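Beneath this line is the structure, given in structure tokens, with notes to follow.
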Amino acid sequence: MGYKLAASNGDTLAVPQLVLTHLTQTDGDTIRAALYILQTHDTDPRTMARALALPSIEAAKRALQYWAGAGLLVNERGAAPAPAEPAHVDLASAINDPYVAVLCQEAQNAFGKTLSRSELQRLVDLYLADGWKPDVILLCCAEVTRIGRRTVAAVAHLLARWREDGVENGEDAERWLKRAKQREDWCADAAAQFGVEPRALTNWERRAIARWHEEMGIGHEMIDEALLRANGKNTVRYVDGILRAWRAQGITTIDAARKQGQLEGSNIVMTERPSAQQPAASAQKDLFNRNWAAMFDEEGEPMRTKDELFRAAQREVAAYRQQAVMQAETARRAAYAAHPALAEADSAHLRAGLGLAKAAALGGNMDTARAALARADEALAAAVREAGFSADDFKPAYRCPLCEDTGMRGGVPCRCVADAARRLRRDEINAASPLGLCQFASFEVARYSDTVEPELGISPREYMGKLLNYCQTYAARFSQNSPNLLFMGHTGLGKTHLALAIADAVLEGGHDVLYTSAAALAAQLGREHFDYSTKDEWLAACQEADLLILDDLGTEYITPLTISVLYELINTRMLTHRPTIYTTNITDQTVFMARYTEKVASRMLGGCKMFKFFGADQRLK
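The numbering of the sequence shown is our numbering, which starts it at 1342 and goes up by one.
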């Protein structure tokens, strides 16, 4: 018996062709959500879930995301809404999912305890809302249990760290854990050498020790040799300076280090920089009195080098990847809901992945588990083809096609991370500096007097033109071997402008630049000294930046702590050959030496190319 459409007995609803084309592509709940939206214009997931008797609010959010991706929904500005923030998955409905049940059970087995409802909720959210695969979650559970932190909060914290480091699957996690174990062993070994407990090492010290082994190829014996040269200064930071200096000089073996003689660590500098060594007090010259116009006759600096990238940029790129992954996951779930065979193949694949994770975390036959997972991979691929899809249909749409938003390409940081780091650093410098980043083009030489300056023998205009050209060349050829610069002169003569113009060009060249005023640096160092939670992170950032701009020397509050830390900063940067640009209004060497002590001042002045600024205050013109 056939049927025909009955006469209309009420209001009619116009259904867009867009919805009709998706009838065979999605599940019934998603279609019902579209009809509900068309009828009521209501996009609140809570009321939608109640009105349609959906299994959870999360199901309503997935339907909204599906129709946003299909083009049925837009936000108030006319663009497709961004993926919703990860929300709680309804635990009561999710726990009936056998795969969620397995995840919860195995996590409790790993912890050796029963989890509370809130902990189970967070565990399920990590899987269904945050997008982590169950095998990765279980490996993480095993790791936090090993270190004595049997909580879901610890799992969430470590997973966030893994995401920053580009961990996406079980193999990535296994490699990360192997590397972490190796670093623990190195830190334990180094702690014994320095006579401290491993837990007493700061985060910066742990990173430095790992860098010795991973980047510099330094072993136990070389660390011992550096300790012998430390003359009782048995700190990781001081030894790090010695090891960096050796590396800069090409010293990579014990024999080569011993050929240097009984050299103090604080005096280890490159042979091409003898001027950096502290002169005897009796032999000191007035460094502030020289032929300033002749400073431009020296040869330019070597070509620039590659720099290290920043964790903040890596986090930003990782966030892009997470967004792309979540969007792809939403599309995948919609497709699986419409094709039960595809969903079953995915479920079998998930069970195989859980089996491998369980074998890794709790002990088992890894070969058998891997073979089962391989068979499940093949079955899932066949089911995808039979459902009319390709593997590409469920792949995330990454912003960077070169690294797929991992931040790494061919074992090195991707250029997308460099671009993000450069932009983030620009934002920081613009916020911290009084002028923001400047450009050489905006430095107006014509504003300076063309009258001959007796001290120069030429006009300030001609002199400042030469100084501008030098700074442009310095920035274009910036490298680890570039000299330190000291800009001195009265207020408003362009010292900070040229320093920030160099910073802008050096940033554009791919190097890391950090800017701070002397006053801000002293204040921050004081806070770090009395706040042990900071772990000297700001000082470490100043020490490790490829180029440091230390502005307005002479404006900071001087204390014994300031002098001590300033010496450590200057000395470390000299040892590691990281250029620094200083600016100051102090033009009298006697005043400079009295303020910073002979030890600090001679270290600073002896390793600098100094330029005095001449003319009238440009800000008054």
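Each residue gets a CB set at the ideal place from its N, CA and C atoms; glycine is no exception. Because the structure is a prediction, the values reported are computed rather than measured.
Distance between residue j and residue i (C-alpha atoms, nearest Å)
| i | j | result |
| --- | --- | --- |
| residue 1457 | residue 1720 | 36 Å |
| residue 1901 | residue 1751 | 47 Å |
| residue 1463 | residue 1400 | 18 Å |
| residue 1945 | residue 1909 | 11 Å |
| residue 1943 | residue 1749 | 42 Å |
| residue 1917 | residue 1753 | 22 Å |
| residue 1680 | residue 1741 | 31 Å |
| residue 1955 | residue 1833 | 10 Å |
| residue 1357 | residue 1375 | 10 Å |
| residue 1441 | residue 1690 | 14 Å |
| residue 1604 | residue 1597 | A caution first: residue 1604 carries a pLDDT of 39, below 50, which makes its placement in the model unreliable, though a value can still be read off. In a straight line, the C-alpha of residue 1604 is about 13 Å away from that of residue 1597. |
| residue 1593 | residue 1885 | 21 Å |
| residue 1661 | residue 1814 | 37 Å |
| residue 1384 | residue 1470 | 20 Å |
| residue 1393 | residue 1443 | 29 Å |
| residue 1957 | residue 1579 | 43 Å |
| residue 1824 | residue 1811 | 12 Å |
| residue 1466 | residue 1445 | 11 Å |
| residue 1514 | residue 1387 | 36 Å |
Nearest candidate by alpha-carbon position, reference residue i, set the options
| i | options | result |
| --- | --- | --- |
| residue 1974 | 1413, 1811, 1849 | This structure gives no information on residue 1974, because the portion of the chain shown stretches from 1342 to 1962. |
| residue 1906 | 1862, 1692, 1677 | 1862 |
| residue 1947 | 1935, 1911, 1521 | 1911 |
| residue 1922 | 1855, 1936, 1937, 1913 | 1855 |
| residue 1585 | 1932, 1919, 1940, 1358 | 1919 |
| residue 1548 | 1852, 1394, 1451, 1882 | 1882 |
| residue 1711 | 1501, 1512, 1804, 1379 | 1512 |
| residue 1477 | 1804, 1546, 1696 | 1696 |
| residue 1483 | 1746, 1745, 1452 | 1452 |
| residue 1819 | 1790, 1849, 1835, 1807 | 1849 |
| residue 1716 | 1678, 1694, 1705 | 1694 |
| residue 1755 | 1510, 1657, 1474 | 1657 |
| residue 1450 | 1935, 1479, 1582 | 1479 |
| residue 1677 | 1377, 1761, 1899, 1728 | 1728 |
| residue 1390 | 1404, 1589, 1380 | 1404 |
| residue 1887 | 1763, 1794, 1779 | 1763 |
| residue 1951 | 1795, 1836, 1904 | 1836 |
| residue 1517 | 1799, 1472, 1481, 1545 | 1481 |
| residue 1899 | 1744, 1847, 1880, 1935 | 1935 |
| residue 1809 | 1797, 1783, 1821, 1824 | 1783 |
| residue 1797 | 1540, 1780, 1542, 1953 | 1953 |
Secondary structure of residue i, DSSP reduced to three states
| i | result |
| --- | --- |
| residue 1804 | helix |
| residue 1706 | coil |
| residue 1797 | coil |
| residue 1890 | strand |
| residue 1917 | coil |
| residue 1834 | coil |
| residue 1905 | helix |
| residue 1927 | coil |
| residue 1623 | The predicted position of residue 1623 is uncertain, since its pLDDT is 39 and thus under 50; a value taken from the coordinates is nonetheless stated next. Helix. |
| residue 1606 | Per-residue confidence for residue 1606 stands at a pLDDT of 36, beneath the threshold of 50, marking its modelled position as unreliable; no derived number is given. |
| residue 1563 | helix |
| residue 1828 | strand |
| residue 1595 | helix |
| residue 1898 | coil |
| residue 1356 | coil |
| residue 1858 | strand |
| residue 1321 | With the chain covering 1342 to 1962 only, the question about residue 1321 has no answer from this structure. |
| residue 1964 | No statement about residue 1964 is possible, as the shown extent of the chain runs from 1342 to 1962 and does not include it. |
| residue 1922 | strand |
| residue 1452 | helix |
| residue 1576 | coil |
| residue 1819 | coil |
| residue 1590 | coil |
| residue 1473 | coil |
| residue 1540 | helix |
Any C-beta of chain B under 8 Å from that of residue i
| i | result |
| --- | --- |
| residue 1940 | Given the protein chain composition of this structure (a single chain), no chain B is represented. |
(message) I'd like to know if the region 1730 to 1747 and the region 1665 to 1676 are in contact, where contact means that at least 3 CB-CB pairs between them fall below 8 Å.
(response) With the cut-off at 8 Å, the region 1730 to 1747 and the region 1665 to 1676 touch.
(message) I'd like to know if the region 1516 to 1535 and the region 1552 to 1570 are in contact, where contact means that at least 3 CB-CB pairs between them fall below 8 Å.
(response) Taking a cut-off of 8 Å for Cβ pairs, the region 1516 to 1535 and the region 1552 to 1570 touch, as three or more such pairs fall below it.
(request) Decide if the region 1557 to 1568 is in contact with the region 1527 to 1539; the criterion is three or more beta carbon pairs, one per stretch, under 8 Å apart. (result) Here the region 1557 to 1568 lies against the region 1527 to 1539, with 3 or more beta-carbon pairs under 8 Å apart.
(message) Within 8 Å, do at least three Cβ pairs link the region 1483 to 1503 to the region 1460 to 1475?
(response) Short answer: they touch.
(message) Please give me, in chain order, every unbroken run of the beta strand (DSSP E) with length at least 3 that falls completely inside the region 1369 to 1418.
(response) You should have found no qualifying run.
(message) Which complete beta strand (DSSP E) runs does the region 1719 to 1798 hold, if anything under 3 residues is left out?
(response) No beta strand (DSSP E) of 3 residues or more sits fully in the region 1719 to 1798.
(request) Just list the alpha helix (DSSP H) runs in the region 1496 to 1538, keeping only unbroken ones of 4 residues or longer that don't cross its boundaries, in chain order. (result) The qualifying runs are 1511 to 1535.
(request) Pair every Cβ in the region 1787 to 1803 with every Cβ in the region 1926 to 1942, then say whether three or more of these pairs are closer than 8 Å. (result) Between the region 1787 to 1803 and the region 1926 to 1942, the count of Cβ pairs shorter than 8 Å is below three; the stretches do not touch.
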